[in-house]
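Before any comments, here is the structure.
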Amino acid sequence: MKVLNKDDKISLYGNLNIKVLSKKIEKNICISIVGDLLFGLVDKYYEQYDYNWMDISKKTKTTKIKIDNEIINPNSSINIYGYVEDCRGLPSENGKRYDFHITEIAMADIFEELELLYYYYMCEFDTIKEGLKFVIEKIEIK
C-alpha cells in the first residue's frame, strides 16, 4: 500500500461521455485535472444541456492517475479520507466540519465518486459548490 502525502503531485485523466437522447448526439470530452477542478469542469458541460437529466445520460471514467510523474497501476483500489466544511449553506450548519471517507474505489470510478461527493454535500447543506470547502487529507493506493 502506498500512502500519499500533501507534497505529492497528483494528476487525474479520464473521459466524460454525454449522450443527448432526444437528438441522438454523443459528446466525449477528455478530462485532465490537477486539484479541485473536476466539479466545475463537468458542471459546465451539464449546464449546456440545462441539467435535463431526462434527456441526457452521462458517464465519467478515470483512465489514468499519475503521482509525481509515475503512472499508477489501473488495477489498484483507492481509499480517500478528508473532510468537508459548510461555508454558506444552512445557518445551523455554517462552519461545521464533517469527515468523509470513500474506500475501495476502483481507479476507473474516481471521477464518479468525487462528483457524487460534491452532489451529496451540496444537497445536505442546501448550498452551491462555492459554499463547500473540501479537503482531502489522505489517499491510500492498494
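Under the numbering used here, residues 1 to 142 are what the sequence shown spells out, in order. From the three backbone atoms N, C-alpha and C, an ideal C-beta is built for every residue, glycine too. This structure is a prediction, so every number in the text was calculated from the model and none was measured.
Enclosing beta strand (DSSP E) for residue i [first to last residue]
i, result
"Y98", "97-106"
"F134", "132-141"
"K2", "2-4"
Residue i, enclosing alpha helix (DSSP H) - first and last residue
i, result
"Y13", "Counting along the chain, Y13 falls outside any alpha helix (DSSP H), though it belongs to the beta strand (DSSP E) covering 10-20."
"Y118", "110-124"
Residue from the options whose Cα sits closest to the Cα of residue i
i, options, result
"N5", "A106, Y81, D55, F111", "Y81"
"K66", "L12, N17, F134, K129", "L12"
"G95", "T63, N73, I102, F125", "F125"
"C30", "T63, P91, N15", "N15"
"K142", "I105, K19, V135, Y121", "I105"
Strand pairing of residue i, partner residues [DSSP]
i, result
"N28", "N17"
"S57", "K19"
"Y83", "D99, V135"
Distance between beta carbons of residue j and residue i, contact taken as under 8 Å
i, j, result
"K129", "Y118", "6 Å"
"M1", "E140", "6 Å"
Same chain, Cβ closer than 7 Å to residue i, five either side skipped, listed in chain order
i, result
"K64", "Y13, I71"
"V20", "Y49, D55, I56"
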